[in-house]
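Colleague: Sharing a structure with you now.
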Amino acid sequence: MQVLEFVERLFLTWALYSCIGWIWETGLSIVVRRRFVDRGVLIGPLCPIYGFGALLVLFLLNDVTNPVALFLSSGVVACTLEYISSYVIEKLHHVRLWDYSNKPFNINGRVYLNGFIAFGAGATLVKLFVQPWFMGIVRQWTPLALHIVCGVIAVLLIVDVSLTAAYSWSFDTKLKRISEDVNAVHAEQVANLDEKVVTASERLEERRRAVLDSHVSHTLNWQQRRLMQAFPAMRSVRDNAIIDQLRESMEGLRSGRRTRDTQHDSDESRVDK
Numbered sequence: 001m002q003v004l005e006f007v008e009r010l011f012l013t014w015a016l017y018s019c020i021g022w023i024w025e026t027g028l029s030i031v032v033r034r035r036f037v038d039r040g041v042l043i044g045p046l047c048p049i050y051g052f053g054a055l056l057v058l059f060l061l062n063d064v065t066n067p068v069a070l071f072l073s074s075g076v077v078a079c080t081l082e083y084i085s086s087y088v089i090e091k092l093h094h095v096r097l098w099d100y101s102n103k104p105f106n107i108n109g110r111v112y113l114n115g116f117i118a119f120g121a122g123a124t125l126v127k128l129f130v131q132p133w134f135m136g137i138v139r140q141w142t143p144l145a146l147h148i149v150c151g152v153i154a155v156l157l158i159v160d161v162s163l164t165a166a167y168s169w170s171f172d173t174k175l176k177r178i179s180e181d182v183n184a185v186h187a188e189q190v191a192n193l194d195e196k197v198v199t200a201s202e203r204l205e206e207r208r209r210a211v212l213d214s215h216v217s218h219t220l221n222w223q224q225r226r227l228m229q230a231f232p233a234m235r236s237v238r239d240n241a242i243i244d245q246l247r248e249s250m251e252g253l254r255s256g257r258r259t260r261d262t263q264h265d266s267d268e269s270r271v272d273k
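Residue numbering for the sequence shown follows the UniProt record's numbering, starting at 1 and increasing by one per position.
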């Protein structure tokens, strides 16, 4: 029973900091982009990497009490986890969810100085203040309450991970197919340059947009579209430009819908009058 309660407390700790990580990432996105964007990989309000990072710091740095040493070592632990996560995701799915190549003091675009500082400071606060407070609350719960809370969260997490995996696993294959279709349009137009260059260029752009719009509407599922919005630096290692082109198409389709809705409301107003 003690082992089970220990595991459940670990699980709750992971869930807490995964949720805090989601709040941090989403809040930061609201400030920077001035609109709400769900920054989680999962459907629910969780950023798992924050939960795993917190657990690593709490276990590996359990005996570290000096704030400066804790800050520096926490930054190293967090950035190591972020670097490995970026590498594994890229190898498995052929996409990079984040890219800090344009940031100062970055390492291969996977981690950079500001992240080190933010993670180091956050982990220091977690270990010295937040975790003792949180564990003080959890220890007051009855075993039954602990079982119920962990059970509910675990079921929701299993459903979330299953749906996310089902929706996201084919992402790389779809990106490859879309890239091939866009390149085929370009090759076809180049091979048939019997018109004026300007006219051919205009037709090429129209065909390219039509292909991208079709794939956004019919090939990509909502989770894949959401991920492209959630991670503005996401790029495919096979084709650097394709995700930006799809994102541009999504914005165009969204703007078109807003324009049509506005026009429809205007027409209804005139009819009512």
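We put the CB at the ideal spot given by N, CA and C, even for glycine.
Would you decide whether Tyr-50 is buried or exposed? Buried here means 16 or more other CB atoms lie within 10 Å of its CB.
Modeller: Classification for Tyr-50: buried.
Colleague: Ser-101 by DSSP, collapsed to three states: which one?
Modeller: Note: Ser-101 maps to coil in three-state DSSP.
Colleague: Where does Arg-238 sit, in a helix, a strand or coil, going by DSSP?
Modeller: Of the three classes helix, strand and coil, the one that applies to Arg-238 here is coil, per DSSP.
Colleague: Check the DSSP bridge columns for Asn-62 and list the partner residues they point to.
Modeller: Answer is none; Asn-62 lacks a bridge partner.
Colleague: Could you tell me the alpha carbon to alpha carbon distance between Arg-203 and Gly-115, rounded to whole angstroms?
Modeller: Cα to Cα, the separation comes out at about 44 Å.
Colleague: At what residues does the alpha helix (DSSP H) containing Ala-230 begin and finish?
Modeller: Where Ala-230 is concerned, the enclosing alpha helix (DSSP H) stretches over 222-230.
Colleague: Since Val-37 and Thr-164 are thought to touch, with beta carbons under 8 Å apart, how far apart are those beta carbons, to the nearest angstrom?
Modeller: Going by Cβ atoms, the distance from Val-37 to Thr-164 rounds to 17 Å, so no, they are not a contact pair.
Colleague: Using 8 Å as the threshold, is the region 49-65 in touch with the region 7-21, meaning 3 or more CB pairs across them?
Modeller: Touching, yes, given that three or more Cβ pairs across the two stretches are closer than 8 Å.
Colleague: Which two residues bound the contiguous alpha helix (DSSP H) that contains His-147?
Modeller: Here the alpha helix (DSSP H) through His-147 covers 143-168.
Colleague: Spatial neighbours of Ser-101 within its chain, please: CB distance less than 7 Å, with the 5 preceding and 5 following residues excluded, ordered by chain position.
Modeller: Gly-109.
Colleague: What's the C-alpha gap between Arg-247 and Val-149?
Modeller: Straight-line Cα distance between these residues: approximately 39 Å.
Colleague: In its own chain, which residues sit with a C-beta less than 8 Å from the C-beta of Leu-58, not counting the 5 before and 5 after it?
Modeller: Within the same chain, Leu-58 has close Cβ partners Thr-13, Val-126, Lys-127 and Gln-131.
Colleague: In three-state DSSP terms, what is Ile-178?
Modeller: In this structure, Ile-178 counts as helix in the three-state DSSP scheme.
Colleague: DSSP three-state call for Val-7: helix, strand or coil?
Modeller: Three-state result, Val-7: helix.
Colleague: Using DSSP with H/G/I as helix, E/B as strand and the rest coil, what is Arg-96?
Modeller: Arg-96: strand per DSSP, three-state reduction.
Colleague: Measure the Cβ-Cβ separation of Lys-75 and Ile-117 and say whether it is below 8 Å.
Modeller: One point to set straight first is that residue 75 is Gly, not Lys, in the sequence displayed. Yes, the pair counts as a contact, with Cβ atoms nearer than the cut-off.
Colleague: Spatial neighbours of Val-211 within its chain, please: C-beta separation below 7 Å, excluding the five flanking residues on both sides.
Modeller: Excluding positions up to five away in sequence, the list reads Asp-181, Val-182 and Val-185.
Colleague: According to the neighbour-count rule (16 or more other Cβ atoms, all chains shown, within 10 Å of its Cβ), is Phe-119 buried or exposed?
Modeller: It counts as buried.
Colleague: What's the call for Leu-28, buried or exposed, on a 16-neighbour Cβ count within 10 Å?
Modeller: So Leu-28 counts as exposed.
Colleague: Return the CA-CA distance between Asp-160 and Leu-144, expressed in angstroms with no decimal places.
Modeller: Their backbone Cα atoms lie some 24 Å apart in a straight line.
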